[in-house]
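Enquirer: Structure below; questions to follow.
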Amino acid sequence: NDGKLYDAYVVYPRNYKSSTDGASRVEHFVHQILPDVLENKCGYTLCIYGRDMLPGEDVVTAVETNIRK
């Protein structure tokens with residue numbers, strides 16, 4: 470443990486068109502594939518926009534605050 474709260478911050482554009490099930494391919498990759506591989510299989514801790522930040526929270530401020538912890 471290096472003392473960091475997160476190993477990586479994942480911020481992505483949320484303006485992609487949704488597929489028929491309501492989730493875009495980007496959102497599927499970010500919320501399903503990345504955590505499965507990087508968190509579950511490799512042991513990294515990700516901070517993912519839309520999952521680990523409060524709704525309406527400024528992304529840049531949240532990332533800067535978490536990096537300083």
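Residue numbers (my numbering): 470 to 538. Positions of the beta carbon are idealized from the N, C-alpha and C atoms, including for glycine. Remember, it's a predicted structure, so these values are computed and weren't measured experimentally.
Using only the alpha-carbon positions, how far apart do residue 521 and residue 514 sit?
Expert: Taking the first residue of the sequence shown as position 1, residue 521 is located at position 52. Taking the first residue of the sequence shown as position 1, residue 514 is located at position 45. Roughly 11 Å separates the two Cα atoms.
Enquirer: So which of 480, 506, 504 has the shortest CA-CA distance to residue 530?
Expert: For the purposes of this step, residue 530 is taken as the residue at position 61 of the sequence shown. Of the listed residues, the one whose Cα sits closest to residue 530 is 480.
Enquirer: Considering only their Cβ atoms, is the gap separating residue 506 from residue 518 smaller than 9 Å?
Expert: One-based indexing of the sequence shown puts residue 518 at position 49. One-based indexing of the sequence shown puts residue 506 at position 37. For residue 518 and residue 506, no; Cβs fall outside 9 Å.
Enquirer: Starting from residue 477, trace the beta strand (DSSP E) both ways and give me its first and last residue.
Expert: Residue 477 sits at position 8 when you count from the first residue of the sequence shown. From DSSP, the beta strand (DSSP E) with residue 477 extends over 477 to 479.
Enquirer: For the alpha helix (DSSP H) holding residue 536, just list the boundary residues, first then last.
Expert: One-based indexing of the sequence shown puts residue 536 at position 67. Where residue 536 is concerned, the enclosing alpha helix (DSSP H) stretches over 528 to 537.
Enquirer: What are the boundary residues of the beta strand (DSSP E) that residue 515 is part of?
Expert: Counting from 1 along the sequence shown, the entry for residue 515 is found at position 46. Per DSSP, residue 515 belongs to the beta strand (DSSP E) from 515 to 517.
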